[in-house]
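Before any comments, here is the structure.
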Amino acid sequence: MAEVLVVVEHGDGQVKKVTLEMLTLAREVGEPSAVVFGAPGTAAPLAEKLGEYGAAKVYAAEHAEIDGYLVAPKATVLASLIGEVQPAAVLLGAGQEGKEIAGRVAVKLDNGVLTDVSAIAADGTATQVVFAGATIVTSKVTRGIPLATVRPNSVTPAPADAAASPPVTELPVTLADSATLVKVVERVAEAKGGRPELSEASVVVSGGRGVGSAENFSLVEELADRLGGAVGASRAATDSGFYPHQYQVGQTGKTVSPQLYVALGISGAIQHRAGMQTSKTIIAVNKDPEAPIFELADLGIVGDLFAVVPQAVTELQKR
Ligand code: FAD
Numbered sequence: 369m370a371e372v373l374v375v376v377e378h379g380d381g382q383v384k385k386v387t388l389e390m391l392t393l394a395r396e397v398g399e400p401s402a403v404v405f406g407a408p409g410t411a412a413p414l415a416e417k418l419g420e421y422g423a424a425k426v427y428a429a430e431h432a433e434i435d436g437y438l439v440a441p442k443a444t445v446l447a448s449l450i451g452e453v454q455p456a457a458v459l460l461g462a463g464q465e466g467k468e469i470a471g472r473v474a475v476k477l478d479n480g481v482l483t484d485v486s487a488i489a490a491d492g493t494a495t496q497v498v499f500a501g502a503t504i505v506t507s508k509v510t511r512g513i514p515l516a517t518v519r520p521n522s523v524t525p526a527p528a529d530a531a532a533s534p535p536v537t538e539l540p541v542t543l544a545d546s547a548t549l550v551k552v553v554e555r556v557a558e559a560k561g562g563r564p565e566l567s568e569a570s571v572v573v574s575g576g577r578g579v580g581s582a583e584n585f586s587l588v589e590e591l592a593d594r595l596g597g598a599v600g601a602s603r604a605a606t607d608s609g610f611y612p613h614q615y616q617v618g619q620t621g622k623t624v625s626p627q628l629y630v631a632l633g634i635s636g637a638i639q640h641r642a643g644m645q646t647s648k649t650i651i652a653v654n655k656d657p658e659a660p661i662f663e664l665a666d667l668g669i670v671g672d673l674f675a676v677v678p679q680a681v682t683e684l685q686k687r
């Protein structure tokens, strides 16, 4: 069976959910192999989890400084691995880094690249989400090995039937001059306040312009904490300085697909929907009965969020 390379996203020694989703998707096309970039010793502890989701091999592209040079060295290593193993396809997460690596590798190898893929068939035909989720397109790469960036939360990650402990193969990593033109000088960790990561959370409570101020966002946080969820925000809320930009949900923010999405004071513009419309259950609180978010919501509450949310918090406190 042809190999399918999956570029692993990981953090704090854990494999991220989008990687498990990609491994699940990769099994539709061939036999997944995981490619791990990181400092020496990163890949081996991840191998068991990767094997559980079907990775038959793990390629370890490890170098003490690889995380210090943005994506260029990663693109170089991946392009050379693709040339060597000739996989049926290469999957990367559709985040900022995955898209940049895919673009660079596609140029290096003169291959086609598909972005924002939500499904891929055995023959490489992919489903792409375009125009902020308004249109679904079916496409296929016609030149070279297809590279696909996979939209987080598009598939439910499922462990493989026959999970094995995959062997770890070291890949040579050199930081060539051309790959090191840009160096990371500082990393600032995202302040999560002990909450789950937004794009991986099973509950997300988001606030919009209707929340009114940065101070009032404490109400959004309180409900999120009662539900064990992450906090999100609309672009109007982040642009107004109510909440930091890294929590923005939508076309130009993060894509979430939790079990429960609570939209507080959010109108439901198409660009916001693009980041949350695949949530399993959507609850909206909005004082305007005509707000477009109600077209999408499973449960809509027409009311003032400052009256509704404290009542919800009080009820949850009783449990
Ligand atoms: P508004 O549209 O102003 O809605 C506020 C809502 O709050 C209203 O429906 C109002 O009835 C309700 N409300 C007010 N007070 C209360 C109250 N006390 N109780 C209950 N309800 C109340 N937007 C995103 O969110 N994410 C994106 O990634 C994104 N990307 C974009 C990209 C582009 C290229 C463009 C052009 C726009 C983008 N936008 C994005 C902006 C988007 O078009 C909307 O402007 C934005 O989503 C509106 O945010 P909002 O719903 O919070 O604000």
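369 is the number of the first residue of the sequence shown in the numbering used here; add one for each residue after it.
Beta carbons are placed, not taken as given, at the ideal position from N, Cα and C, and that holds for glycine.
These numbers were taken from a predicted model, which means no experiment stands behind them.
Ranked by how close their Cα comes to the Cα of Y437, the residues V458, K467, A544 have A544 in first place. In its chain, beyond the 5 residues on either side, L543 have a beta carbon closer than 8 angstroms to the beta carbon of E433.
Taking C-beta separations shorter than 8 angstroms and ignoring five residues to either side along the sequence, the partners of D491 in its chain run K508, following chain order.
Separation of the CB atoms of F610 and V579 is rounded to 6 angstroms, and the pair is thereby assigned contact status at 8 angstroms. For V475, the secondary structure class from DSSP, reduced to helix, strand or coil, is helix. Rounded to the nearest whole angstrom, the CA to CA distance from T493 to G480 is 12 angstroms. With respect to the 9 angstroms criterion, P520 and S567 are classified as neighbours on the basis of their beta carbons. Secondary structure in the stretch 397-443: the beta strand (DSSP E) runs of 3 residues or longer, each lying completely within the stretch, are 399-406, 425-430 in chain order.
A Cβ-Cβ distance of about 7 angstroms is found for the pair A601 and V617, placing them in contact under the 8 angstroms criterion. Taking a contact to require three or more Cβ pairs closer than 8 angstroms, the stretch 481-489 and the stretch 525-536 do not qualify as touching. Every residue whose Cβ sits closer than 5 angstroms to any heavy atom of the ligand FAD is listed here in chain order: G576, R577, G578, S602, R603, A604, G618, Q619, T620, G621, G633, I634, S635, A637, Q639, H640, N654, K655, D656, A659, D672, L673. Judged by DSSP secondary structure, E371 falls within the beta strand (DSSP E) whose first and last residues are 371-375.
Nearest to A642 by C-alpha distance, out of V681, D607, A423, T503, is T503. Rounded to whole angstroms, the gap between the alpha carbons of T510 and D478 is 11 angstroms. Residue range 536-538 is occupied by the beta strand (DSSP E) that includes T537, with no alpha helix (DSSP H) assigned at that position.
Residues of the same chain with a CB within less than 6 angstroms of the CB of L587, apart from the 5 flanking positions on each side, are V677 in chain order. Of the residues L632, P441, D656, E554, the one whose Cα lies closest to the Cα of E465 is P441. Pairing A598 with G501, the inter-Cα distance amounts to about 22 angstroms.
Inclusion of I488 and L393 in the CB contact set at 9 angstroms is warranted, their separation being smaller than that value. Beyond the five residues adjoining it in sequence on each side, A402 comes within less than 6 angstroms, by CB distance, of V374, V376, L418, A423, V426 in the same chain, given in chain order. In this structure, DSSP gives L482 an extended state, which the three-state scheme calls strand.
DSSP lists V617 as the bridge partner or partners of K622. When the beta-carbon positions are compared, E420 and P400 stay at least 9 angstroms from each other.
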